[in-house]
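Residue numbers (this note's numbering), protein chains in the order written: chain A, 1 to 288; chain B, 1001 to 1141.
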């Protein structure tokens, strides 16, 4: 009988684990919606920004903004890495880090220095152990990331780029495709890839208040911020989706384990009862 | 068509207003602007303040924005509102904080952590105080 008691204890513990994973799964399922809504809500801004910048680029400025000019020589590249703050989300972060490490190595073999800017605690923990420069980080963005939380890190990289401490800037995050799939995405952020905006054939120029250069700088900064913000939201939605799937499979595994344990338990119980009966019968036979 | 102008007010975090208007009044950096339909194309920065949208069927709506950018085309006004209060040194404080956090992350997570965090918070609080003071001075004027 001692065996069966142990099994009961084990079943209890697995049941408790399953309770936790179930709860996490359901919490994530509801948070995906919210994250998706935020993604949608922030889209108009990015779209409008892109339009205006498209117009500005077409308005033929005499000296193009440094953000739009390709540098001949790339000696230092920057990466903005967006990862999650919390774990338990399957291979989401690890897939991204693996891909990044490959890219970093490729750059380093060419003699290019790599600097990272990190959003999210998991990435900070990971890159701290590596020989990679980290110029700025921000963590604990929570369920509702605010643009405010990102302004600092973005300013750091943009200043680096302006002052030519960086020649190129990439953005890395998990793109949310649907609940079942998220894709590691690395995009070039700066210099801005030329936009192929159509429907801008007619040329007009704006009145600028103040000068065009100053305004363009403001627009580009805001634009980069909105792109990074959007990526953060995508990553958040991906995080919840990945966690939901991971937790669902964990719950399923727990259920299987419980079934198996229960089978073992029943067998042990049955064996004990059978033994008891045969002992009684044996005893009765001996008495009579 | 001629008597209305399409107005979009968006921020990075949400779409605030979208619809047609008879006129839009915004706090431009170099003075308030009243934008009627067929305004000349214009780009400018906005001060923190109120955006007033006069609806074509009468009535008006107010929105507070904490600065931003404005684009005008003959039939479309786009207000790209900032979500946070932006000022040179506030941004600077945020940048410093981010850098500090990076150093902290590299160094170690033990001992110095609380101190650094407290310092960062202090820096932030001080920056905000400075901004507040400036704001008050502006009000007095």
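Every residue, glycine too, gets a C-beta built ideally from N, C-alpha and C.
Point to revise | Helix, strand or coil at residue 132 of chain A according to DSSP, with G and I counted as helix | key: coil
Review point. With a cut-off of 8 Å, do at least 3 Cβ pairs link the stretch 1065-1085 of chain B to the stretch 111-130 of chain A?
Key: no
Check your understanding: Taking 8 Å as the CB-CB cut-off, is residue 1036 of chain B touching chain A?
Key -> no
Review point. Where does the unbroken alpha helix (DSSP H) through residue 281 of chain A begin, and where does it stop?
Key: 212-287
**Study point:** The alpha helix (DSSP H) enclosing residue 96 of chain A, as first and last residue numbers
**Key:** 92-109
Check your understanding: Could one say the Cβ of residue 77 of chain A lies closer than 8 Å to chain B's Cβ atoms, at least one of them?
Key -> no
Review point. Can you give the Cα-Cα distance for residue 1028 of chain B and residue 208 of chain A, rounded to whole angstroms?
Key: 12 Å
Check your understanding: Of the residues A/41, A/236, A/213 and A/222, which one's Cα is nearest the Cα of residue 64 of chain A?
Key -> A/213
Review point. Would a check of beta-carbon distances place residue 138 of chain A closer than 8 Å to chain B?
Key: yes
Review point. Closest to residue 186 of chain A by CA distance: which of A/178, A/231 and A/155 is it?
Key: A/231
Practice item. State whether the stretch 161-180 of chain A contacts the stretch 227-244 of chain A, with contact taken as three or more CB pairs (one from each stretch) at a distance under 8 Å. Key: yes
Point to revise | Same chain, Cβ closer than 7 Å to residue 222 of chain A, five either side skipped, listed in chain order | key: 49
Review point. Does the distance from the C-beta atom of residue 68 of chain A to that of residue 191 of chain A stay below 8 Å?
Key: yes
Practice item. Kindly say whether residue 1004 of chain B, judged by its beta-carbon, lies nearer than 8 Å to any beta-carbon of chain A. Key: no
Check your understanding: Quick one: Cα of residue 47 of chain A to Cα of residue 1079 of chain B, how far?
Key -> 13 Å
Check your understanding: Expressed to the nearest angstrom, what Euclidean distance is found between the alpha-carbon atoms of residue 45 of chain A and residue 9 of chain A?
Key -> 55 Å
Check your understanding: Is there contact between the stretch 278-287 of chain A and the stretch 1017-1032 of chain B, where contact requires at least three CB pairs shorter than 8 Å?
Key -> no
Check your understanding: In whole angstroms, what separates the C-alpha of residue 137 of chain A from that of residue 229 of chain A?
Key -> 14 Å
Check your understanding: Going by DSSP, what residues sit across from residue 1007 of chain B in a beta bridge?
Key -> B/1019 and B/1077
Review point. Are there 16 or more other CB atoms within 10 angstroms of the CB of residue 120 of chain A, so buried, or fewer, so exposed?
Key: buried
**Study point:** Stretch pair the stretch 13-28 of chain A + the stretch 243-256 of chain A: three plus CB contacts closer than 8 Å
**Key:** yes
Exercise for review: Reducing DSSP to helix, strand and coil, say where residue 1066 of chain B ends up.
Suggested key: strand
**Study point:** Supposed close pair residue 1130 of chain B, residue 153 of chain A - CB separation, criterion 8 Å
**Key:** Not a contact, Cβ separation roughly 21 Å.
Check your understanding: How long is the line joining the alpha carbons of residue 7 of chain A and residue 264 of chain A, rounded to whole angstroms?
Key -> 8 Å
**Study point:** Close-in-space but distant-in-sequence residues of the same chain around residue 1110 of chain B (CB under 8 Å, 5 per side omitted)
**Key:** Legend: pLDDT at residue 1110 of chain B = 48, less than 50; position of this residue unreliable, value from coordinates given subsequently. Closer than 8 Å at the Cβ level, and outside the excluded window around residue 1110 of chain B, lies no residue.
Check your understanding: Taking residue 38 of chain A as the reference, which of B/1023, B/1024, B/1049 and B/1014 has the closest Cα?
Key -> B/1014
Exercise for review: Kindly indicate which residue of A/279, A/268 and A/238 has the alpha-carbon position closest to the one of residue 30 of chain A.
Suggested key: A/238
Exercise for review: Using a cut-off of 8 Å between C-beta atoms, extract the partners of residue 1008 of chain B located in chain A.
Suggested key: 44 and 48
Check your understanding: Is the CB of residue 1047 of chain B under 8 Å away from at least one CB in chain A?
Key -> no
Practice item. For residue 13 of chain A, count neighbouring C-beta atoms within 10 Å of its own C-beta (all shown protein chains included) and say buried if the count is 16 or more, exposed if not. Key: exposed
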